[in-house]
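**Q** First the structure, then my questions, so here it is.
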Amino acid sequence: MLVRTDPFRELDRLSQQVLGTLGTVARPSGMPIDAWREGEEFVAEFDLPGVDPATVDLDVERNVLTVRAQRPALQGDREVLVAERPRGVFSRQLILGDNLDTEKITASYHAGVLTLRIPVAEKAKPRKIAIETSSDDRRAIHA
């Protein structure tokens with residue numbers, strides 16, 4: 001077995017362990033996210049490779065979306081040679097504007113990516129407003 005060491009990567013990993021950036025319930029690690037608007041939807045993708053979908057928890061309260069997930073620590077009697085993948089609790093919060101319909105959020109998990117789709121609320125969609133006129137106000141314009 002060949003194991004190459006990168007001293008900078010090791011230093012980064014050690015500093016994460018010392019500073020407590022491995023995810024715990026009290027101090028969860030962050031998770032990478034991409035977000036964009038696609039037509040009439042807001043889409044957010046969270047990278048959660050190796051996370052059991054049963055450990056993912058989604059919660060919306062007062063337009064704040066919270067995503068929590070957990071990747072358990074390695075169990076059993078084993079000699080760890082390399083441990084670079086973060087383990088523990090992951091959490092991310094998104095503040096959603098009033099223009100999104102939080103009642104109709106859909107979530108899917110595929111290939112380690114959690115995808116959320118949040119439709120734009122009907123009240124936030126652009127609409128035409130009809131202008132009423134009365135026939136007696138019509139006057140001829142002379143130039």
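If you count by UniProt numbering, then the sequence shown holds residues 1 to 143, one letter each, in order. Every residue, glycine too, gets a C-beta built ideally from N, C-alpha and C.
Starting from residue 91, trace the beta strand (DSSP E) both ways and give me its first and last residue.
**A** Where residue 91 is concerned, the enclosing beta strand (DSSP E) stretches over 88–95.
**Q** Could you say if the stretch 103–113 and the stretch 79–92 meet the contact criterion of at least three C-beta pairs nearer than 8 Å?
**A** No, they do not touch.
**Q** In terms of residues, what are the limits of the beta strand (DSSP E) holding residue 144?
**A** This structure leaves residue 144 out entirely; the chain is present only between 1 and 143.
**Q** Examine the Cβ distances between the stretch 35–46 and the stretch 112–132 and report whether three or more of them are shorter than 8 Å.
**A** Output reads yes: the stretch 112–132 touches the stretch 35–46.
**Q** In angstroms with no decimal places, state the Cα-to-Cα distance between residue 65 and residue 78.
**A** Residue 65 and residue 78: Cα-Cα distance of roughly 38 Å.
**Q** Under the three-state reduction of DSSP, which class applies to residue 133: helix, strand or coil?
**A** If DSSP states are grouped into helix, strand and coil, residue 133 belongs with coil.
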